[in-house]
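Residue numbers (this note's numbering): 10 to 73.
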């Protein structure tokens, strides 16, 4: 049970860090074209997170 909580905490921290970096003011100031095509980037990143969550859930189900 402890490993499941640890995995979830790491995933949540990664998600929060990704969002914080993506929305940071310094990124937008350093690169004026930073926000171009951001919808595609966020969609692709979301799919990576969804696939990761599903794979981890499957692994945990078989590990228990």
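The beta carbon of each residue, even a glycine, is placed where N, CA and C say it ideally should be.
When secondary structure is reduced to three states using DSSP, residue 33 falls in the coil class, being assigned neither helix nor strand.
Apart from sequence neighbours up to five positions away, the residues of its chain that approach residue 16 with a beta-carbon distance below 8 angstroms are 65 and 69, ordered along the chain.
DSSP, read as helix, strand or coil, puts residue 38 in helix.
Residue 62 sits away from residue 29, with the two beta carbons spaced by 9 angstroms or more. Ranked by Cα distance from residue 22, the first of 53, 58, 50 and 48 is 58.
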